[in-house]
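Asker: Below is the structure I would like to discuss, written out as structure tokens.
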Amino acid sequence: MTERDDLKGVNERMRALLARTTHGRDDFEDLVIVPLFAVVVALICGALIMLATAVDLPTIGRSFVALAVGSVGSLSAWSETLTSAIPLVLAGLGLGLGFRAGLFNIGAEGQLLMGGLAAVMAGFALEGLPMVIHLPLTLLIGASVGAAYAAIAGILKATTGAHEVISTIMLNLISFELLNWLLRQPWVQREGRSDPISKSVPDTAALPKLLDFIDPNLRLHAGLFVMLVAVFIVWWLLFRSKLGFAFRASGENPSAANYAGMRAPLIIVLAMATAGALAGLAGANQITGVLGRASPGFSAGIGFDAIAVALLGRSHPVGILFAGILFGGLEAGGRQMQVDAGVSIDLISIIQALIIVFIAAPLLVRAIFPWGFRRPRNGKKGGAA
Amino acid sequence: MTFLSKISARTGLAAALLAGSVMTASAFTACQVTDVGGIDDASFNQTAWKGVQDAMAAHDEVEGRFLESQAETDYDSNLNSLIQAGCDVIITVGFLMGDATKSAAESNPDQKFSIVDFAYDPTIPNVLGQVYATDQGAFLAGYLAAGMSETGVLGTFGGINIPPVTAFMDGFVHGVNYYNSEKGTDVQVLGWNPESREGLFTGNFDSLDDGRAFAQNLYDEGADIVMPVAGPVGLGSATLAAEIGTDELKIIGVDADQTQTDPENADVYLTSVLKRMDSTVTQVIEMAMEGSFEGGLIVGTLENEGVGLAGYGAFEDSVPDELRAEIEAVKAGIIDGSIEVGM
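These protein sequences, in sequence, are chains U and B. So in numbering that gives the first Met the number 0, spot 327 of the first sequence is number 326, and the numbers just go up one at a time. So in numbering that gives the first Met the number 0, spot 243 of the second sequence is number 242, and the numbers just go up one at a time.
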């Protein structure tokens, strides 16, 4: 009898120990349930805000119907949702990778601008190349310039300890002004225009439209595949490669990583550069797939929205993919909402911001929705989030 | 052909899917894509939207919808949304939307488009451009400002260096120069050089802070009347003028009569250079309803009252009668061609 009880006790303790080392249910709760509830709460808050701004109930109903229809309700809605999602996912992957490595990179916007700018220049400067070379080269140049630009912040941190939050914000500002200046240079500016706008990217450097044989208004382009490949590569890099292990190790515990023989400065620079490459690719993708030219502010805040996407996706490549599609859907649906129900598109930004607030406060979400989460047992798991 | 069948023939599958949620009893839908700055910018976008509202008020069957652009990258997607929504006429507001409107018009040849502030050359059969000789109106404002200035220094700044903005600034400077040549004075304009095509630009159409800072800089340089040409950015300049007092700094509004659209600071506006986008937008909607719509160009001038000067607002009593008469004379001169604006 007693022996059995002992055995049972040992087993239980073993299980508890195992639960601490492997991430099972907790991970699932953190990765899936918290974000899901965060989205729900944010949508409800959005409805409350509409009520508070004197929008009547039928209109609120219509606006949510429009939000759904405009994001997933038709082929064209899916096309718009995915088109908006592509750059968010690409830049979000880079940011998520940085977060895993313990780097809070605010500079995706600037890296995206620099990548896009490089892509537009490569696009029109290398005109005449066949598409099989021109397009990949253009994307590659965009990614490389984004990587180089982000590496500046990495090198500053590795050599001088300058904090990446500050240096990437400053690099963002520099890139905005650099863009404005470059767009006025005669070798970039479009002929016959006095406003800052670049020459157009020739067709050989443009990502082909995927669905224009159905309807020329469908904008979805081959960047979709770039995005999916990037999700896979980042997943492999983070969870299957030695470098990714080093990224994660130095993110979790820099001193331990250092003592384990990982070279912290090199890892910081490499992580920043990879993040920058993905943001640069996002910019190049916008230029070659959607815009076809650069104009002031063509980044349109994607680099900042991508921070939210990376947080919502819990810095996991697959999570970021879904978070990006959600944000893309909110954008596409938000337009429909304004057209159909006349509700300001600004509401979408509020909902996006609320999602992040709830993501950042998982305990709050757990408190609002006690069901759906495993109860903390014996108080041991309290605050595990 | 009924409206519904026209729609489904036009946009096929997507429209058919959307038809249920979008279609209402209205017989005519006029849609508008605003430029960045928002529909309530008290100036550019708001005036264009007023045109749709006027059409709605005048004709029961007209229903208006709008979509605000939050960034330049939204133009294509916004146009797409409206094409899917089955609008009878889509009005795009702003020069920067020129490329997006062109490509949308070319891929949807049966959809009627109209664009404010852009003239296509050659014209596109399904796009009607609306442009304005705002330099004529601004010329009068320049003449007025030169006559009212006490410091002999005036200021102006723009949003982005594009023709619809700089047309105001050109006219303003030329009006001041005309005043100088007539009166032998030496009133200066800071912020724009019509020869080198360079001047002060905020680089955006939405930062009220920039509007305040730019007006402050011009005021520090001695300007006592400032004309901001940047949509809602000018509201920031108006706030500054209200704080330091209109004896020190007056503002000239643009696009709409800003004493009406910005009632909080109505008393800082010496006058406004009107760009009657509302009347041309209404006109376009009516043309599309009657079936007389065709691609081409509508030009608003002083003569057809497409541009002009608003009243003198709070300064009604302080503008000398002599100056008023001169402005009327200059206006007549521009209309009959005896005064050339671009000199």
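We put the CB at the ideal spot given by N, CA and C, even for glycine. Note that the structure is a prediction, hence the values are computed from the model and not measured.
1. Any beta-carbon of chain B closer than 7 Å to the one on H174 of chain U?
2. Between L66 of chain B and chain U, is there a C-beta pair that is closer than 7 Å?
3. Could you tell me how far apart the beta carbons of R61 of chain U and A340 of chain U are, in whole angstroms, since I believe they sit closer than 8 Å?
4. On the three-state DSSP scale, how would you describe L78 of chain B?
5. Check the C-beta distance from T72 of chain B over to A299 of chain U and give it rounded, since I have them as a contact under 8 Å.
6. What residues in the region 185-202 of chain U have a beta carbon less than 8 Å from any beta carbon of chain B?
7. Tell me, please, whether the region 85-97 of chain U touches the region 312-326 of chain U by the rule of three or more beta-carbon pairs shorter than 8 Å.
8. For the region 285-298 of chain U, which residues have a beta carbon sitting closer than 9 Å to at least one beta carbon of chain A?
9. For E339 of chain B, which beta-bridge partners are listed by DSSP?
10. Could you name the residues of chain B that S70 of chain U contacts, counting a contact when the two beta carbons are closer than 9 Å?
11. List, in order along the chain, the chain B residues whose C-beta lies closer than 7 Å to that of R79 of chain U?
12. Going by DSSP, which residues form a beta bridge with G295 of chain B?
13. Does any residue of chain B have a CB that is nearer than 7 Å to the CB of S75 of chain U?
14. Using Cβ-Cβ distances below 7 Å, what residues of the region 324-338 of chain U are close to chain B?
15. Spell out whether any CB of chain U is found under 7 Å from the CB atom of G341 of chain B.
16. Would the beta-carbon of L273 of chain B fall within 7 Å of that of A309 of chain B?
17. Starting from the C-beta of L181 of chain U, find all residues in its chain whose C-beta is less than 6 Å away, skip the five residues before and the five after it, and write them out in chain order.
18. Who are the Cβ neighbours of A24 of chain B in its own chain at under 6 Å, not counting the five residues just before and after it?
19. Please work out which residues of its chain come closer than 7 Å, Cβ to Cβ, to S20 of chain B, disregarding the five sequence neighbours upstream and downstream, and give them in chain order.
20. Once DSSP output is grouped into helix, strand and coil, what is the label at L189 of chain B?
21. Do you know whose CA, among B:A26, B:G36 and B:C30, lies nearest G343 of chain B's CA?
22. Looking only at DSSP bridge pairs, what is M120 of chain U linked to?
23. Quick check on D109 of chain B: does DSSP put it in helix, strand or coil?
24. So who's on the other strand from C86 of chain B, going by DSSP bridges?
25. Listed in chain order, which residues of the region 199-211 of chain B have Cβ atoms closer than 9 Å to some Cβ of chain U?
26. State the start and end residues of the unbroken alpha helix (DSSP H) segment that holds I140 of chain U.
27. Given that E71 of chain B touches chain U, what residues does it touch there, using C-beta distances under 9 Å?
28. Strictly below 8 Å CB to CB, what residues from chain B border P215 of chain U?
29. I'd like to know if Q83 of chain B contacts chain U, where contact means its C-beta is closer than 7 Å to some C-beta of that chain.
30. Distance check for G97 of chain U and A274 of chain U, CA to CA, integer angstroms please.
31. Keeping to the same chain, check which residues put their C-beta closer than 6 Å to that of A214 of chain B; ignore five residues upstream and five downstream.
32. In the DSSP assignment, what are the bridge partners of R64 of chain B?
33. Skipping 5 residues on each side, what residues in its chain have a beta carbon closer than 6 Å to that of A104 of chain B?
34. Pull out every residue of the region 134-166 of chain B whose Cβ sits closer than 8 Å to any Cβ of chain U, in chain order.
35. Could you check whether the Cβ of I367 of chain U sits closer than 7 Å to any Cβ belonging to chain B?
36. Pull the bridge partners of P227 of chain B from the DSSP assignment, please.
Answerer: Let me spell this out:
1. His is not the amino acid found at residue 174 of chain U; the sequence shown has Ser there. Chain B contact via Cβ: absent.
2. Interface residue, yes.
3. Yes, they are in contact, since the Cβ atoms of R61 of chain U and A340 of chain U sit about 4 Å apart, within 8 Å.
4. L78 of chain B falls in the helix class under three-state DSSP.
5. Confirmed, about 4 Å.
6. Look at the region 185-202 of chain U: the residues with a C-beta under 8 Å from a C-beta of chain B are S193, D194 and P195.
7. Yes, since at least three Cβ pairs between the region 85-97 of chain U and the region 312-326 of chain U fall closer than 8 Å, the two stretches touch.
8. Included in the structure are the protein chains U and B, with no chain A among them.
9. Looking at the DSSP assignment, E339 of chain B forms no beta bridge with any residue, so it has no partner.
10. Simply none; closest approach about 11 Å.
11. Per the sequence shown, residue 79 of chain U should be read as Glu rather than Arg. Residues of chain B with a Cβ closer than 7 Å to the Cβ of E79 of chain U are, in chain order, S76 and N79.
12. B:L127, per the DSSP bridge assignment.
13. At a cut-off of 7 Å between C-beta atoms, S75 of chain U counts as an interface residue with respect to chain B.
14. Answer set for the region 324-338 of chain U: R334, Q335, Q337 and V338.
15. Not an interface residue.
16. With contacts defined by Cβ atoms closer than 7 Å, L273 of chain B and A309 of chain B form a contacting pair.
17. Its chain contains V187 as the residues whose beta carbon lies nearer than 6 Å to that of L181 of chain U, once the 5 sequence neighbours on both sides are disregarded; these appear in chain order.
18. Here the model assigns A24 of chain B a pLDDT of 46, short of 50, so the residue's position is not dependable, and the following value carries that caveat. Closer than 6 Å at the Cβ level, and outside the excluded window around A24 of chain B, lies no residue.
19. Residue placement at S20 of chain B cannot be trusted, given a pLDDT of 41 that sits under 50; what the coordinates show is reported in the next sentence. Taking C-beta separations shorter than 7 Å and ignoring five residues to either side along the sequence, S20 of chain B has no partners in its chain.
20. Under the three-state reduction of DSSP, L189 of chain B is assigned to strand.
21. With chain B covering 0 to 342 only, the question about residue 343 of chain B has no answer from this structure.
22. As computed with DSSP, M120 of chain U is found in no beta bridge at all.
23. D109 of chain B: coil per DSSP, three-state reduction.
24. Looking at the DSSP assignment, C86 of chain B forms no beta bridge with any residue, so it has no partner.
25. If the cut-off is 9 Å between Cβ atoms, the region 199-211 of chain B has G202 and N203 near chain U.
26. For I140 of chain U, the enclosing alpha helix (DSSP H) stretches over residues M130 to T159.
27. The contacting residues are L290, S294, P295, G296, F297 and A299.
28. Under the 8 Å cutoff, chain B gives S106 and N107.
29. Closer than 7 Å: yes.
30. Those two C-alpha atoms are separated by around 6 Å.
31. Scanning its chain for C-beta atoms nearer than 6 Å, with the 5 sequence neighbours on each side dropped, one finds around A214 of chain B the residues V225, S236 and L239, in chain order.
32. DSSP output for R64 of chain B lists B:C30 as bridge partner(s).
33. Shown here for A104 of chain B: same chain residues with a beta carbon closer than 6 Å to its own, the five before and five after excluded, namely F112, I123, N125 and V126 in chain order.
34. So the close ones are I159, N160, I161, P162 and T165.
35. So, not an interface residue.
36. In the DSSP assignment, the residues bridged to P227 of chain B are B:F156.
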